[in-house]
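Participant: Provided herewith is a single structure, encoded as structure tokens, for subsequent inquiry.
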Amino acid sequence: MKKNSVKHYSPSPQPESGVGGVPPEQVRVQASQTDNDDTDDFADEVPAAPVNDLSVPLTLEVDSVAHGERLDKLLARHFSEFSRSRLQQWIESGAVRVDGEVRRPRDAVQMGNRIEVQPQAAPESQAFAPEDVALDVVYEDDALLVIDKPAGLVVHPAAGNWSGTVLNGLLHRDPTAAALPRAGIVHRLDKETSGLMVVARTLTAQTDLVRQLQARTVKRTYLALVWGRIYEEGTIDAPIGRDPRERTRMAIVHTNSGKPSRTHFRTLATVPLGRSFVSMVRCQLETGRTHQIRVHFESIGHPLVGDPVYYRATQRGQRPAIRVPLPVPFERQALHAFKLGLVHPVTGKTVSWTAPPPEDLQALIDALDFSGGETEADEDDWDEEWEDGPEVIWADGEGDDDD
């Protein structure tokens, strides 16, 4: 283990504010669209359910002006409430008939043709449908519930995952959740990250939880396995935004699009593995950006074990830690939200919950045998309060506590 026990990281950028409460009447919009620093904690708005009556076919007779026009272009011009790509899908699926016959999108229409379109439900319409999705509820009362999300489960509907999400399961479990923005969801975990999430059950509770997230008083602590030997304790302080070179990724971005992001960490144990090392790290988020922990640790040369996206060479010419075969199969990022703490929105008391690592992550931890490493991992350390450790060095050089 590196001897510098406290380290402050400010990685170089890829080329290329404010804290406060939200008035209750604005929560429905601001819970996902506010410009406050913690915007990414709040789930994006899912699209509104289609208003069209899908049982009524749309009809059109081709006139002399449209004679010879492509079928898909004609439909896009006349039925502008639907995208051209969606209309093309309907044509290809046989939901569009020209004089009773199926045609191709590029086929030209003739004057006098009668076109009938049978609208199809969009995949995103399932975003609001109750589904029997299994949810592991670890705590529940009238104001909130806490779930232990398994890896592989998407939190809320989005492109490619319009159904089978936590949101769909919440609507199935409690139909009254439909009256809340995003069924009460106030923050999210990546699809392949496991662990604890809090969900509001009333609008009052949701407003309060959103305010706590904005004020950065919700304590979210993660267990991660990273490649390499890492400092015992430190803070990664680097703004995160959309990668300007690959828009599907996030990155360290020092332009206006980068949002202030801080991750505190403490190394619990390090073990050798082949020509490399694996470190068990406890992380606490000060901000809640998309893929924050994954981006931050990649940026300092210690990507998460199993991460299929954030594992590339880092900034300032740093060489990332060597990755070697794992002792057991592991097909996701080794990241688990094991502790969640907040102020209860009704009682005003500080409450917290913990969840042990899921079976796949625990099997990897056991196989790596941290008990025989350079330092030994004690499960009691996972739940240790941050204030018990040394000060963290901030960007301005002043020491401060983690809370």
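Residue numbers (our numbering): 1073 to 1475. The beta carbon of each residue, even a glycine, is placed where N, CA and C say it ideally should be.
Given that a residue counts as buried once 16 or more other Cβ atoms are within 10 Å of its Cβ, and exposed if not, what is Q1102?
Facilitator: Residue confidence for Q1102 is low, a pLDDT of 28 falling below 50, so the modelled location carries little weight; the figure read from the coordinates is stated next. With 16 or more Cβ atoms within 10 Å of its Cβ, Q1102 is classed as buried.
Participant: Count the CB pairs spanning the stretch 1261-1274 and the stretch 1215-1226 that are closer than 8 Å, and state whether there are at least three.
Facilitator: Because the criterion of three Cβ pairs below 8 Å is met, the stretch 1261-1274 and the stretch 1215-1226 touch.
Participant: In the DSSP assignment, what are the bridge partners of D1309?
Facilitator: D1309 is bridged to R1334.
Participant: Mind reading off the beta-carbon distance from S1482 to T1339? Whole number of angstroms is fine, and I expect it under 8 Å.
Facilitator: Here the chain has residues from 1073 to 1475 only, and residue 1482 is not among them.
Participant: For K1145, does the three-state DSSP call read helix, strand or coil?
Facilitator: Looking at K1145 - three-state DSSP - the assignment turns out to be helix.
Participant: Less than 7 Å separating the Cβ of E1173 from some heavy atom of the ligand FAD?
Facilitator: Among the ligands in the structure shown, none appear at all, so the ligand FAD cannot be discussed.
Participant: Given R1319, which residues of its chain have a CB within under 7 Å of its CB, disregarding the five upstream and five downstream residues?
Facilitator: Nothing listed; no residue qualifies.
Participant: Just to confirm the assignment, what range does the alpha helix (DSSP H) spanning V1367 have?
Facilitator: Unbroken alpha helix (DSSP H) run through V1367: Q1364 to S1371.
Participant: Taking 6 Å as the limit between beta carbons, can you name the residues of its chain near G1140, skipping five residues before and five after?
Facilitator: So the qualifying residues of the chain are A1180.
Participant: By Cβ distance, which residues of its chain are closer than 6 Å to P1399, with the 5 residues on each side in sequence left out?
Facilitator: Excluding residues within five positions, the ones whose Cβ falls inside 6 Å are A1439.
Participant: Mapping DSSP to helix, strand and coil, what is Q1284?
Facilitator: The answer is helix: DSSP assigns Q1284 an H, G or I state.
Participant: Hey, how far is the Cα of V1094 from the Cα of V1282?
Facilitator: Residue placement at V1094 cannot be trusted, given a pLDDT of 31 that sits under 50; the coordinates are not used to answer.
Participant: Just to check my reading of the structure: T1293 and S1333 have Cβ atoms closer than 8 Å, yes? What is that Cβ distance to the nearest angstrom?
Facilitator: That belief does not hold up - the Cβ atoms of T1293 and S1333 are roughly 17 Å apart, past 8 Å.
Participant: Per DSSP, what kind of secondary structure is F1151 in: helix, strand or coil?
Facilitator: Residue state, collapsed to three classes: coil.
Participant: In the structure shown, what three-state DSSP assignment does A1138 receive?
Facilitator: Note: A1138 maps to coil in three-state DSSP.
Participant: Assuming Q1405 contacts L1376 under a Cβ cut-off of 8 Å, what Cβ separation, rounded to an integer in Å, is found between them?
Facilitator: Q1405 to L1376, Cβ: 4 Å. Contact.
Participant: Do you know offhand how far V1290's Cα is from I1219's?
Facilitator: One C-alpha to the other measures close to 16 Å.
Participant: Does DSSP put I1302 in a helix, a strand or coil?
Facilitator: Of the three classes helix, strand and coil, the one that applies to I1302 here is coil, per DSSP.
Participant: For R1100, does the three-state DSSP call read helix, strand or coil?
Facilitator: For R1100, the predicted structure reports a pLDDT of 30, less than 50, and the residue's modelled location is therefore unreliable. A value from the coordinates is still provided. In the structure shown, R1100 sits in a helix (DSSP, three-state: H, G or I).
Participant: Apply the 10 Å Cβ neighbour rule to A1231 and answer buried if 16 or more other Cβ atoms are within range, or exposed otherwise.
Facilitator: Answer is exposed; the Cβ neighbour count stays below 16.
Participant: Any idea if V1137 is buried or exposed, counting beta-carbon neighbours within 10 angstroms, 16 or more meaning buried?
Facilitator: When all chains shown are included, V1137 counts as exposed.
Participant: Compare the beta carbon distance of T1335 and I1365 with 8 Å and say whether it is the shorter of the two.
Facilitator: Yes. Within cutoff.
Participant: Assuming V1271 and L1242 make a contact with CB atoms under 8 Å, what is their CB distance in whole Å?
Facilitator: Between L1242 and V1271 the Cβ distance is about 6 Å, and since that is below 8 Å, they are a contact.
Participant: Whole angstroms are fine: how far does the CA of V1381 sit from the CA of A1036?
Facilitator: The first residue shown for the chain is 1073 and the last is 1475, placing residue 1036 beyond what the model contains.
Participant: For S1424, write down the residues that DSSP places opposite it in a beta bridge.
Facilitator: Answer is G1413.
Participant: Kindly list the residues whose CB is nearer than 8 Å to the CB of E1164, restricted to its own chain and excluding five residues on each side of it in sequence; keep chain order.
Facilitator: Contacts found: R1176 and P1177.
Participant: What residue from K1421, L1407 and L1414 has the CA that sits closest to E1431's CA?
Facilitator: With distances taken between Cα atoms, E1431 lies closest to L1407.
Participant: DSSP on I1219, reduced to helix/strand/coil?
Facilitator: Strand, per DSSP.
Participant: Report yes if the C-beta distance between D1262 and H1416 is below 8 Å; otherwise report no.
Facilitator: No, they are not a contact pair.
Participant: What residue range is occupied by the uninterrupted beta strand (DSSP E) comprising S1351?
Facilitator: Start and end: S1348 to L1357.
Participant: Alpha carbon to alpha carbon, what distance is there between R1361 and L1297?
Facilitator: The alpha-carbon atoms of L1297 and R1361 are separated by roughly 19 Å.
Participant: Just the Cα atoms here: how many angstroms apart are G1389 and R1245?
Facilitator: Legend: pLDDT at G1389 = 48, less than 50; position of this residue unreliable, no value from coordinates given.
Participant: Measure the C-alpha to C-alpha separation of W1458 and F1337 and round it to an integer number of angstroms.
Facilitator: Residue placement at W1458 is flagged as unreliable, the pLDDT there being 41, under the threshold of 50; the coordinate-derived value follows with that caveat. Distance between the alpha carbons of W1458 and F1337: 9 Å.
Participant: For D1166, which option in A1310, E1304, R1254 and E1188 has the closest C-alpha, if you only look at C-alpha atoms?
Facilitator: Per the sequence presented here, residue 1166 reads as Gly, with Asp not at that position. Comparing Cα-Cα distances from G1166 to each of A1310, E1304, R1254 and E1188, the minimum goes to E1188.
Participant: Measure the C-alpha to C-alpha separation of E1097 and A1251 and round it to an integer number of angstroms.
Facilitator: Reliability fails at E1097, whose pLDDT of 30 lies under 50, so the model's placement of it is uncertain and the value that follows must be treated cautiously. Taking the straight line from one Cα to the other gives about 14 Å.
Participant: CA-CA distance, A1193 and F1154?
Facilitator: A1193 and F1154: Cα-Cα distance of roughly 11 Å.
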